[in-house]
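Keeping their order, the protein sequence lines are chains A and B.
So the first sequence is numbered by my numbering: it starts at 115 and just counts up by one.
So the second sequence is numbered by my numbering: it starts at 5 and just counts up by one.
Every residue, glycine too, gets a C-beta built ideally from N, C-alpha and C.
Worksheet: the structure to be examined is printed underneath.
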Amino acid sequence: MNENIRLMFTPEFFAAILLPALIGGIAITICSSLLGVTLVLKRYSMIGDGLSHIGYGALSVAAVMNLAPLKVALPVVIIAAFILLRLSESSKINGDAAIALFSTTALAIGILVSSKAGLTNDVSHYMFGSILAMSKSDVILSVVLSVIVILAFIFLYNRIFSVTFDENFARATGVNAGIYNMIFAVLTAVTVVLGMMMMGALLISSLIVIPTLTAMRICNSFKGVVLTSGAVSVASFLIGMMISLLFNTAPGASIVIVNVSFFVLFSFLGSLMKRRGIS
Amino acid sequence: MKAIIECRNAAASYDGKKVIGSLSFTLNEGELLCILGENGSGKSTLIKCLLGIKQLDSGKIIMGEGLKPSDIGYLPQYTNLQNGFPATVAEVVISGCLGRRGLRPFYSSAEKKLAQQAMERLGIADLAKKSCRELSGGQQQKMFLARAMCAAKKLLLLDEPLNGLDPAAQEDMYKLITELNQKDGMTVIMVSHDVVRSVDCASRILCLCSSDHCFFGTPEEYLSSHISKKFSGGSK
């Protein structure tokens with residue numbers, strides 16, 4: 115443990131590995147928690163999970179074919195996001211089942227292709243994430259994405275609220291809800307692909323879902339939930355990273371466990387507030 | 005009298021089933037139209053077509069001159085208030101102002117005042133900071149009406165505004181709707197199940213009896229028609 119701490123404070127390690135990981139990680143956690151508020155409240159939680167599996171499939175195929183992983187995964191996942199949103203909106207098809215069908219198929223293709231090509235080691239990065247190995251371009255893309263998401267939440271906040279709360283009413287008053295759903299699909303897809311590299315395909319959906327659920331335990335207003343989930347998410351990321359460096363644990367899993375701990379803590383606080391009649 | 009909505013041979017279906025055959029009527033500004041009909045007769049479908057959320061199979065709905073979607077306030081039927089959606093009453097009510105914002109991102113103080121007035125008028129101003137998941141059915145209904153009032157400049161479309169209200173609250177709601185119509189000059193289209201009250205307050209009645217049979221006219225004409233006798237079970 116002491117060895118780890120000493121290593122962490124060498125300037126070279128900090129500048130080359132830790133700083134990009136922290137910047138990229140904070141950017142991704144902000145994106146996933148903000149987008150998560152809408153996804154969870156619109157009952158699209160499963161979409162994040164489905165997309166990550168599809169992303170895994172696409173990344174594996176790209177790795178085997180020796181193509182740039184992001185250039186293959188991003189378009190595939192964006193298209194998948196459109197399809198999954200459509201499926202969830204149409205009442206005729208069971209959205210949940212459709213997502214499960216899509217995501218497991220993609221996952222199976224990914225595993226099949228990579229195991230056949232003997233690339234399981236490379237590809238397992240995408241399964242479990244490797245935040246300390248984020249490339250410079252990944253970090254830049256994450257920061258650009260988070261700026262877009264934050265600006266969207268500031269300037270489109272009222273529309274986002276209306277479309278999330280009651281899409282029919284939003285449409286009736288002349289808000290083009292379809293465009294917002296599309297913007298969300300694209301932003302979610304990009305977030306999931308970037309988040310996968312950091313957290314891994316198996317855990318990225320927790321970054322989308324848990325902060326919102328945590329914030330909902332204590333917040334009454336939409337604004338409160340948006341701000342709290344962002345804050346909780348960034349705090350969980352930083353604490354999780356710290357734990358992972360100090361105790362040499364897997365970063366993605368540590369971050370998720372901290373997130374869950376916050377959820378438990380906030381649930382407790384929420385029930386306490388209710389009992390005292392504060393909320 | 006200027007026409008605000010003209011429906012010409014409109015036909016619509018719901019889940020592939022034809023519910024409105026061929027409907028034609030013209031509604032003038034300042035009227036209060038009650039839409040009657042049994043469950044599944046296409047009342048809500050018609051409202052959605054008027055709002056433009058749903059496409060007609062054939063025929064036309066012509067909006068009066070200068071009537072934009074952003075002039076219309078809408079109260080959905082049984083708003084599926086998601087289990088535990090975190091939003092305060094004030095947040096929900098002011099979201100009605102969104103249509104009039106155009107592309108400007110933030111609400112002005114005038115709009116905040118409008119939302120405040122709507123809440124005061126419905127007697128829910130003291131609930132403004134409360135979470136909407138803690139409201140009773142009646143309070144929720146009032147919140148959604150306040151939101152519709154924020155949105156409406158010329159036309160209010162109310163889909164069963166009395167759902168979930170106790171008799172006293174229903175009375176209040178009727179008074180308020182009549183007041184909005186008569187004092188504020190708002191055109192109101194309202195779906196209702198209550199024949200007696202509708203006949204009492206409306207200036208026009210539209211009864212969707214079956215997909216190819218309907219009635220449109222004044223309450224007096226409605227009462228003397230055989231359709232009303234059939235619909236109210238012969239008691240009227």
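*asked:* In this structure, how does DSSP classify Cys333 of chain A when only helix, strand and coil are distinguished?
replied: coil
*Any idea if Ile322 of chain A is buried or exposed, counting beta-carbon neighbours within 10 angstroms, 16 or more meaning buried?*
A residue is called buried once 16 or more other Cβ atoms fall within 10 Å of its Cβ, and Ile322 of chain A is buried on that count.
_Using only the alpha-carbon positions, how far apart do Val195 of chain B and Gly344 of chain A sit?_
Roughly 42 Å between the two C-alpha positions.
_Amino acids of chain A, ordered along the chain, whose beta-carbon sits closer than 7 Å to that of Phe89 of chain B_ = For the C-beta of Phe89 of chain B, the chain A residues within less than 7 Å are, from N- to C-terminus, Leu155, Phe279.
*First and last residue of the beta strand (DSSP E) that includes Lys21 of chain B?*
21–32
*By the criterion of Cβ-Cβ separation under 8 Å, what are the contact partners of Ser147 of chain A in chain B?*
Neighbours of Ser147 of chain A on chain B: none; closest Cβ ~14 Å, over 8 Å.
*Contacts around Thr92 of chain B, its chain only, beta-carbon distance under 8 Å, and the 5 residues preceding and following it disregarded*: Ala132, Lys133, Lys134, Ser135, Cys136
_So Met312 of chain A contacts chain B; which residues on that side make the cut at Cβ distance below 7 Å?_
Under the 7 Å cutoff, chain B gives no residues; its nearest Cβ is about 28 Å from Met312 of chain A.
*Taking 8 Å as the cut-off, decide whether the C-beta atoms of Cys145 of chain A and Val263 of chain A are in contact.*
yes
_So Val96 of chain B contacts chain A; which residues on that side make the cut at Cβ distance below 7 Å?_
Phe279
*Within-8 Å CB hit, Ala119 of chain B to chain A*: no
*Jot down the residue ranges of each uninterrupted beta strand (DSSP E) in the stretch 144–184 of chain B, minimum 3 residues, whole runs only, in chain order.*
Runs found: 159–163.
_Can you confirm whether Leu301 of chain A, when its beta carbon is compared against all beta carbons of chain B, has any partner nearer than 8 Å?_
no
*What do you get for Pro365 of chain A, buried or exposed, if any count of 16 or more other CB atoms within 10 angstroms of its CB means buried?*
buried
_Residues of chain A with CB closer than 8 Å to the CB of Lys72 of chain B, please, in chain order._
Gly288
*Of all the options B:Ile181, B:Cys53, B:Gly168, which has the alpha carbon lying nearest to the alpha carbon of Asp201 of chain B?*
It should be noted that the sequence gives Arg, not Asp, for residue 201 of chain B. Considering only alpha carbons, the answer is B:Ile181.
*What residue from B:Pro109, B:Gly106, B:Phe89, B:Tyr226 has the CA that sits closest to Ala206 of chain B's CA?*
B:Tyr226
*asked:* Measuring alpha carbon to alpha carbon, tell me which residue in B:Glu69, B:Val23, B:Ala14 is nearest Glu33 of chain B.
replied: B:Glu69
*Based on Cα-Cα distance, which residue from A:Leu132, A:Ser381, A:Ala231, A:Phe267 lies nearest to Lys337 of chain A?*
A:Phe267
*Pull up the distance between the alpha-carbon of Ala176 of chain A and that of Ser238 of chain A, whole angstroms please.*
14 Å
*Checking contacts by CB at 8 Å: is Ser99 of chain B closer than that to chain A?*
yes
*Tell me which same chain residues have a C-beta within less than 7 Å of the C-beta of Gly391 of chain A, skipping the five on either side of it?*
none
*Express the C-alpha separation of Phe89 of chain B and Ile168 of chain A in angstroms, rounding to a whole number.*
29 Å
*Minimum C-alpha distance to Gly77 of chain B - residue among B:Ser99, B:Gly63, B:Ala94, B:Ser62*: B:Ser99
*asked:* So, with DSSP's three-state summary, where would you put Asn13 of chain B?
replied: If DSSP states are grouped into helix, strand and coil, Asn13 of chain B belongs with the strands.
_Using the Cβ count rule (16 or more neighbours within 10 Å means buried), how would you classify Phe216 of chain A?_
buried
_Rounded separation between Ala329 of chain A and Lys388 of chain A - CA only_ = 15 Å
*Note down the Cα distance separating Thr305 of chain A from Phe351 of chain A, rounded to an integer number of angstroms.*
15 Å
*asked:* Please tell me whether Asn81 of chain B and Asn167 of chain B are closer than 8 Å, where the distance is taken between their beta carbons.
replied: What sits at residue 81 of chain B in the sequence shown is Gln, not Asn. Between Gln81 of chain B and Asn167 of chain B, the CB-CB gap stays under 8 Å.
*Within 8 Å (strictly less), CB to CB, does Gly44 of chain B reach chain A?*
no
*Give the straight-line distance between the Cα atoms of Leu55 of chain B and Ala286 of chain A, rounded to the nearest whole angstrom.*
6 Å
*Can you tell which of B:Leu31, B:Phe148, B:Ser26 has the C-alpha that lies nearest to the C-alpha of Gly254 of chain B?*
Residue numbering for chain B in the displayed model covers 5 to 240; residue 254 of chain B lies beyond these limits and cannot be assessed.
_Residue(s) in a DSSP beta bridge with Thr218 of chain A_ = Its beta-bridge partners do not exist; DSSP assigns none.
*Going along chain B in order, which residues have a C-beta closer than 7 Å to the C-beta of Arg273 of chain A?*
Leu102
*Which residues, in order along the stretch 329–340 of chain A, keep a beta-carbon less than 8 Å from a beta-carbon of chain B?*
Answer in chain order: Ala329, Met330, Cys333, Asn334, Ser335, Phe336, Lys337, Gly338, Val339.
*Spatial neighbours of Glu224 of chain B in its chain, beta-carbon cut-off 7 Å, leaving aside the 5 residues before and after*: Cβ within range, chain order: n/a, list empty.
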